[in-house]
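Okay, structure first, notes after.
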Amino acid sequence: MTEHHETYFLILAFFSELIGTLSGVSSSTLFIPLGKLFESIQVTLALTALLHVMGNSVRTIMYWKNINWPLTLKFGIPSIIMSGLGAHYSDLFSAQVFSIALGLFLIGISSYFHFFKTKFIFAGTWLPYLGGGLSGLLTGLIGSGGAVRSLALTAFDLNPLTFTATSTLIDFGGDIFRFFIYLQKGYLTSAHYFYFPFLLMIALGANWLARIWIKRIPKERFEKIVLIFVFIMGFVSIGTSFF
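Position one of the sequence shown corresponds to residue 0 (numbering that gives the first Met the number 0), numbered consecutively onward.
Right, dumping it as structure tokens:
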């Protein structure tokens, strides 16, 4: 690890939380690929889950009135189940293979929607269950499945506040579940507990700033931001898989 790697890790956590909330994509999409440059993949997975729990707590309070409850339940239940399953088997699979596969998928699917402007068909039936389950599985396995969930949510024409609120609550249960599984597996030791209060301050500060900007973003522009960010994170996922 580099000298002062803890400081760099926390700076990365702040910008990941801020950018992740603004783009509508989970902070882990940026935090996991880059965080493992400063901490082990196991520590990064566990601390990312904790940052998610803290950030989701803050956003749930901030955006409570904007939650789309039917979508939350359809996405959330399979997401929680598959997130726990993925976390349970997270130490049995190659993180490099999953990172490359995820990167290729994100690049391909975001390019398709950007150039062809096509929405998912039957968005109200099978898509929430598939999107929630797949994003939960990837989140549990490699800590980064928010981009998949965000892509699925763009099919429902939600305004930025409702998008953020609904995505947050979908993610919440799975993050709590997988965090305790990571703890049970020993991914964190007492040497890492000093991160906890700093991550809480980051969650509060980053989400406060993000809320100010989200209110000013038109829905059409917000969807473009999501697609562009997912496209970029596809390359980040592939590139950092070799480090």
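Just so it is clear, CB atoms sit at the ideal spot from N, CA and C, and this is done for glycine as well.
Open item on the list: Cutting at 6 Å between CB atoms, please list the residues of its own chain near Ile237, excluding the five before and the five after it.
Closed with: The residue you call residue 237 lines up with position 238 of the sequence shown. So the list reads Ile99 and Gly102, once near-sequence residues are dropped.
Task: Glu5: first and last residue of the uninterrupted alpha helix (DSSP H) it sits in - done: Your numbering for residue 5 matches position 6 in the sequence shown. Residues His4 to Ser22.
Task: Element boundaries [alpha helix (DSSP H), containing Gly144] - done: Your numbering for residue 144 matches position 145 in the sequence shown. Annotation: Gly144 is outside any alpha helix (DSSP H) and is labelled neither H nor E by DSSP.
Task: For Arg210 and Ile216, the rounded distance between their alpha carbons - done: Position 217 of the sequence shown holds residue 216. Position 211 of the sequence shown holds residue 210. Spanning the two alpha carbons is a distance of roughly 10 Å.
TODO: With DSSP as the reference, label Asp156 as helix, strand or coil.
DONE: Here residue 156 refers to the residue found at position 157 when the sequence shown is read from its first residue. Three-state result, Asp156: coil.
- [ ] For Phe8, I'd like the list of residues in its chain whose CB is within less than 7 Å of its CB, leaving aside the five on either flank, ordered along the chain.
- [x] In the sequence shown, the residue the question calls residue 8 occupies position 9. Cβ neighbours of Phe8 within its own chain (closer than 7 Å, five residues either side excluded): Gly34, Phe37 and Glu38.
TODO: Count the CB pairs spanning the region 124-135 and the region 66-73 that are closer than 8 Å, and state whether there are at least three.
DONE: Segment contact: the region 124-135 against the region 66-73, three or more CB-CB distances shorter than 8 Å; contact assigned.
Open item on the list: Three or more C-beta pairs under 8 Å: does that hold for the region 103-112 against the region 47-54?
Closed with: Touching, no.
Task: Candidates Thr239, Ser189, Ser166 and Phe230: closest to Asn65 by CA position - done: Numbered from 1 along the sequence shown, position 66 holds the residue referred to as residue 65. Answer by Cα proximity: Ser166.
- [ ] Would you mind working out which of Ile141, Ile175, Leu46 and Glu16 sits nearest His191, comparing C-alpha positions?
- [x] Along the sequence shown, one-based indexing puts residue 191 at 192. Answer by Cα proximity: Leu46.
TODO: Answer yes or no: do Arg243 and Ile169 have a C-beta to C-beta separation smaller than 8 Å?
DONE: This structure cannot settle anything about residue 243, because the visible part of the chain is limited to 0 through 242.
Task: Stretch-stretch touch, CB-based, cutoff 8 Å, three pairs: the region 136-155 with the region 17-35 - done: Contact holds between the region 136-155 and the region 17-35, because three or more Cβ pairs, one in each stretch, are under 8 Å apart.
Task: Classification of Ser259 by the beta-carbon crowding that lies within 10 angstroms, buried from 16 upward - done: Look at the range of the chain in this structure, 0 to 242, and you will see that residue 259 is not part of it.
- [ ] For the alpha helix (DSSP H) holding Trp68, just list the boundary residues, first then last.
- [x] Position 69 of the sequence shown, counted from the start, is the residue given in the question as residue 68. Following the DSSP letters along the chain, one finds Trp68 inside the alpha helix (DSSP H) bounded by residues Trp68 to His87.
Open item on the list: Assuming the contact rule is C-beta atoms closer than 8 Å, Gly135 and Gly173 should be a hit. Round their C-beta distance to whole Å, please.
Closed with: Locating residue 135 in the sequence shown gives position 136, where the first residue counts as 1. Locating residue 173 in the sequence shown gives position 174, where the first residue counts as 1. Going by Cβ atoms, the distance from Gly135 to Gly173 rounds to 5 Å, so yes, they are a contact pair.
TODO: Hey, could you find the ends of the alpha helix (DSSP H) Phe197 is sitting in?
DONE: The residue labelled residue 197 in the question sits at position 198 within the sequence shown. Here the alpha helix (DSSP H) through Phe197 covers Tyr194 to Ile213.
- [ ] Compare the Cα-Cα distances from Val57 to each of Pro77, Phe241, Leu91 and Leu17 and report the closest residue.
- [x] Working through the sequence shown from its first residue, we reach residue 57 at position 58. Relative to the Cα of Val57, the nearest Cα in the group Pro77, Phe241, Leu91 and Leu17 belongs to Leu17.
Task: Residue closest to Leu44, alpha-carbon to alpha-carbon, out of His87, Thr59, Leu21 and Val24 - done: Counting from 1 along the sequence shown, the entry for residue 44 is found at position 45. Nearest C-alpha to Leu44: His87.
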